[in-house]
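Data block below; observations after.
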Amino acid sequence: MNRAIEFTRRNIRRTPFQALAASMVMFLTFLALQIFVIMAAGSQEALRYFESKPQVIAFFKEGTTNQDVSLIETALHQETRVTSTQFVSKEAALEIYRERNKNDPALLELVTANILPASLEISTQTPQDLQPIAEILKREPVISEVIVPQDVVQTLTSFTKVIRVTGGTIVGFLMVFATLVILMIIGFKIRLKRNEIEIMRLLGASPNFIRTPFILEGIFYGVTGAILTWAITYAGLWYFQPFLQGYIGEVKFLPVNPLFMMALLGGSLILACFVGGIGSFAAVRRYLKI
Amino acid sequence: MILFENVSKKFGATIALDDITLEVKQGEFVFIVGPSGAGKSSLLKILTREILPSDGKIKLGNVDITKIKTSEIPQFRRKIGMVFQDFKLLDDRTVFENVALTLEVQGKSDEEISKLVEHTLKLVEIWDKKNLFPRQLSGGEAQRTAIARAIVGKPDIVLADEPTGDLDPKTAWGVIQLLNEINSWGTTVLMSTHNQEIVNSLKRRVIKIKAGKIISDTKEGKYE
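Top line first, the protein sequences correspond to chains A and B. Under full-length UniProt numbering, the residue at position 89 of the first sequence is numbered 89, and the numbers go up by one with no gaps. Under full-length UniProt numbering, the residue at position 26 of the second sequence is numbered 26, and the numbers go up by one with no gaps.
Listed below in structure tokens is the structure:
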């Protein structure tokens, strides 16, 4: 195996531009893959966030007593579709408001607890349960307004689906493209080295001795592309984290979990070995007749 | 050691070898002579299992080489060293690396390779050229490198297919003396050639082939 690695190293070193071209194609393929995976994971996380957050918010009228709130909460707890409820008093609402607008003193000056309504945040089992619960709440005389952020969840669900389908299609296409590029490059190298192959054959080299460096070369290009992409993606996520955080708000996705990034690297490496291996193996089968 | 029994080889309608029967003993030096297209190269290619005969048996020791499995061919070829008219050296490797290739394909360790290549290059007197590439060598040096590559694995047989064809007479003599020396260690040498002067001077066994047939086989023969 050491000898095969040495031969692979020599093959790559002696044709640096082909090696660069193959690695760049793999880099682009894995860049697309990793970006789509991160986007899919991010949107999934956002979806989970919105699904786990109180999705129906009922605002109480002025003068609502604690007893009114308790009655509504008790009634809701008997609903199997409701997973939890949380009462937010006027004071608590003011705290939340202050926390969210702590960098804007002008907004803080104008607001007191009196102008903020008390509310009840209700989580449901599924997004489909939101509307029926909202309807129940709307019938309550002490409730002034009910907000159902169902459209956010629906948009996110569609967005996640689009990312998965589009990403899957583009990545699938790029994988096939990368495999063909590896096949062509390794095939070209086999043709370029036919004298060497012929000499090795006559010297008593086994077919595996001749084939293995070509297959390892294909895998090398895949692995190089995957590692390079991963490093750049990770660095990019880290560098742009403050900027991205502004977009995703309270969704807990950044900083990206290192375990997620390790899994992404592991998955990319497996896929890289597969794509590089398949491309070079196909080239060996097609062009290397021993 | 080598036994051809009624060996024929046809390429379509062309008959390359026609009912060849011959025996070569261990340690012999045999010239195979004849005009171009006589079948000399086919004979050597059959011996290395590059091609299979259309008919007949070829034995190397006790092994019928027409019957060895494809997977056994690499192992079999390691018993044979080959020297070609056009040297067949790898242009992107140094003299040392070209010779080392024989041992690399055999799976020898780096240490062993270094020792054996050094020994062989000193033997063929090109140790001082070890770091040069083939394009930097003269014809004689290139052929010595090819011979070193052929013998470094200590083969039982050396097959030389017109090894002096591209060399001037003086350099050709140097190569022949080297092959003669290799033969003196007990290695069987089969050499195809057109060079009358060399054949006649060396006074070794000469097998003359014409149109695929052996037309003479003489000890200490001549090529006229």
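Ideal Cβ positions, reconstructed from N, Cα and C, are used throughout, including at glycine.
Quiz prompt | Neighbour-count burial assignment, M1/A, 16 or more Cβ in a 10 Å radius | solution = For the purposes of this step, residue 1/A is taken as residue 1 along the first sequence, with counting starting at 1. Exposed, by the Cβ-count rule.
Quiz prompt | Status (buried if at least 16 other CB within 10 Å, exposed otherwise) for R191/A | solution = Residue numbering aside, residue 191/A sits at position 191 when the first sequence is read from its first letter. With fewer than 16 other Cβ atoms within 10 Å, it is exposed.
Self-check item: Residue-chain proximity (D92/B, chain A), Cβ-Cβ < 8 Å
Solution: Here the question's residue 92/B lines up with position 92 in the second sequence. Answer yes: the Cβ-Cβ gap between D92/B and chain A drops below 8 Å somewhere.
Quiz item: Using a C-beta to C-beta distance shorter than 9 Å, which residues of chain A count as neighbours of L22/B?
Solution: Counted from its first residue, the second sequence places residue 22/B at position 22. Residues of chain A passing the Cβ test: none, with the nearest at roughly 23 Å.
Practice problem: Return the CA-CA distance between T15/A and E28/B, expressed in angstroms with no decimal places. | Solution: The residue labelled residue 15/A in the question sits at position 15 within the first sequence. The residue labelled residue 28/B in the question sits at position 28 within the second sequence. Straight-line Cα distance between these residues: approximately 45 Å.
Quiz item: Quick one, which of F50/A, A178/A, M184/A and T233/A has its alpha-carbon nearest F274/A's?
Solution: What you label residue 274/A is simply residue 274 of the first sequence in a count that begins at 1. The shortest C-alpha separation from F274/A is found at A178/A.
Self-check item: Selection from P258/A, M261/A, T229/A and I215/A that minimises the alpha carbon distance to V25/A
Solution: Position 25 of the first sequence, counted from the start, is the residue given in the question as residue 25/A. For the residues P258/A, M261/A, T229/A and I215/A, the minimum Cα distance to V25/A belongs to T229/A.
Self-check item: the region 140-154 of chain B in contact with the region 94-103 of chain B per 3-pair CB rule at 8 Å
Solution: Judged by Cβ distances under 8 Å, the region 140-154 of chain B makes contact with the region 94-103 of chain B, as three or more pairs qualify.
Exercise. Residues of the region 30-54 of chain B with a CB closer than 9 Å to any CB of chain A: list them in chain order, please.
Key: T48 and E50
Quiz item: How about F59/A and S144/A: do their beta carbons lie closer than 8 Å?
Solution: The residue given as residue 59/A occupies position 59 in the first sequence. The residue given as residue 144/A occupies position 144 in the first sequence. In contact: F59/A and S144/A (Cβ atoms closer than 8 Å).
Quiz item: What does M175/A touch in chain B if you count any residue whose Cβ is under 8 Å from its own?
Solution: Taking the first sequence and counting its residues from 1, one reaches residue 175/A at position 175. Correct list: empty, because the minimum Cβ distance to chain B is about 33 Å.
Quiz item: Between the Cα of K289/A and the Cα atoms of F240/A, G187/A and Y221/A, which residue gives the shortest distance?
Solution: Here residue 289/A refers to the residue found at position 289 of the first sequence. With distances taken between Cα atoms, K289/A lies closest to G187/A.
Quiz item: Mind checking E99/A: buried by the 16 CB within 10 Å criterion, or exposed?
Solution: In the first sequence, counting from the first residue as 1, residue 99/A sits at position 99. Exposed, since its Cβ has fewer than 16 Cβ neighbours within 10 Å.
Exercise. Excluding the 5 residues preceding and the 5 following P53/B in the sequence, name in chain order all residues of the same chain whose CB lies nearer than 8 Å to its CB.
Key: As a working note, residue 53/B is residue 53 in the second sequence. Cβ within range, chain order: V7, S8, K9, L17, I46 and T66.
Quiz item: So the alpha helix (DSSP H) S268/A belongs to, where does it begin and stop?
Solution: Translated into the one-based positions of the first sequence, residue 268/A becomes position 268. Element bounds for S268/A: P258 to Y287.
Practice problem: Use the C-beta contact count for G276/A: other C-beta atoms within 10 angstroms, 16 or more gives buried, fewer gives exposed. | Solution: In the first sequence, counting from the first residue as 1, residue 276/A sits at position 276. It is buried - the Cβ of G276/A has at least 16 other Cβ atoms within 10 Å.
Quiz item: Does the distance from the C-beta atom of A272/A to that of L183/A stay below 8 Å?
Solution: For this step, residue 272/A is matched to residue 272 along the first sequence. For this step, residue 183/A is matched to residue 183 along the first sequence. Not a contact, by the Cβ cut-off of 8 Å.
Quiz item: Could you give the uninterrupted runs of the beta strand (DSSP E) lying entirely in the region 44-75 of chain B, keeping only those of 3 residues or more?
Solution: 55-60
Exercise. Would you mind sorting G140/B into buried or exposed? The rule is 16 or more other CB atoms within 10 Å of its CB.
Key: Counted from its first residue, the second sequence places residue 140/B at position 140. With 16 or more other Cβ atoms within 10 Å, it is buried.
Practice problem: Could you list which residues in chain B have their beta carbon closer than 9 Å to that of R13/A, in chain order? | Solution: Locating residue 13/A in the first sequence gives position 13, counting from the first residue. What R13/A touches in chain B: nothing, since even the nearest Cβ is about 10 Å away.
Self-check item: Assigned secondary structure, S36/B (DSSP; H/G/I helix, E/B strand, else coil)
Solution: The residue you call residue 36/B lines up with position 36 of the second sequence. S36/B falls in the coil class under three-state DSSP.
Practice problem: Quickly, what does DSSP pair T85/A with across the bridge? List them, please. | Solution: Here residue 85/A refers to the residue found at position 85 when the first sequence is read from its first residue. T85/A is bridged to I122/A.
Practice problem: Could you check if R13/A is buried or exposed, using at least 16 other CB atoms within 10 Å of its CB as the buried criterion? | Solution: Indexing the first sequence from 1 puts residue 13/A at position 13. Exposed is the call here.
Quiz item: Ends of the beta strand (DSSP E) at F11/B?
Solution: Stepping through the second sequence from its first residue, residue 11/B is reached at position 11. First-last of the beta strand (DSSP E) with F11/B: I2 to F11.
Exercise. Keeping to the same chain, check which residues put their C-beta closer than 7 Å to that of V206/B; ignore five residues upstream and five downstream.
Key: Within the second sequence, residue 206/B is the residue found at index 206, counting from 1. Its chain contains F31, V33, V199, T218, G221, K222 and Y223 as the residues whose beta carbon lies nearer than 7 Å to that of V206/B, once the 5 sequence neighbours on both sides are disregarded; these appear in chain order.
Practice problem: Find the residues of chain A that neighbour M82/B, judging by a C-beta separation of less than 7 Å, and give them in chain order. | Solution: Counted from its first residue, the second sequence places residue 82/B at position 82. The contacting residues are L202.
Exercise. Using alpha carbons as the reference points, say which of I227/A, Q78/A, Y234/A and T212/A lies closest to I278/A.
Key: Here residue 278/A refers to the residue found at position 278 of the first sequence. Residue T212/A is the option with its Cα nearest to I278/A.
Quiz item: At a CB-CB cut-off below 9 Å, which residues of chain A make contact with L178/B?
Solution: For the purposes of this step, residue 178/B is identified with residue 178 of the second sequence, where counting begins at 1. Under the 9 Å cutoff, chain A gives no residues; its nearest Cβ is about 19 Å from L178/B.
Quiz item: What residues in its chain sit with their C-beta under 6 Å from that of D68/A, if we drop five residues either side in the sequence?
Solution: For the purposes of this step, residue 68/A is taken as the residue at position 68 of the first sequence. Correct list, in chain order: V142.
Self-check item: Own chain, CB closer than 8 Å to F209/A, minus 5 neighbours either side, in chain order
Solution: Taking the first residue of the first sequence as position 1, residue 209/A is located at position 209. If we look at F209/A and ignore the five residues flanking it on each side, its Cβ neighbours are R3, A4 and M200.
Quiz item: What are the boundary residues of the beta strand (DSSP E) that includes S70/A?
Solution: Position 70 of the first sequence, counted from the start, is the residue given in the question as residue 70/A. Counting along the chain, S70/A falls outside any beta strand (DSSP E), though it belongs to the alpha helix (DSSP H) covering N66 to H77.
Quiz item: Thinking just about the alpha-carbon of each residue, which of S84/A, T64/A, T65/A and L216/A is nearest to the one in Q125/A?
Solution: Here residue 125/A is taken as the residue at index 125 of the first sequence, counted from 1. That would be S84/A, whose Cα lies nearest to the Cα of Q125/A.
Quiz item: Checking contacts by CB at 8 Å: is F159/A closer than that to chain B?
Solution: As a position in the first sequence, residue 159/A is number 159, starting the count at 1. False, the Cβ-Cβ gap to chain B never drops below 8 Å.
Quiz item: By how many angstroms is the C-alpha of S89/A removed from the C-alpha of V56/A?
Solution: The residue given as residue 56/A occupies position 56 in the first sequence. The residue given as residue 89/A occupies position 89 in the first sequence. Approximately 16 Å between the Cα atoms of the pair.
Exercise. Return yes when the Cβ of I182/B is within less than 8 Å of the Cβ of A148/B, no when it is not.
Key: Residue numbering aside, residue 148/B sits at position 148 when the second sequence is read from its first letter. Residue numbering aside, residue 182/B sits at position 182 when the second sequence is read from its first letter. No, the Cβ-Cβ distance between A148/B and I182/B is not below 8 Å.
Quiz item: In three-state terms, what does DSSP make of G81/B?
Solution: Mapped onto the second sequence, residue 81/B falls at position 81. Strand, per DSSP.
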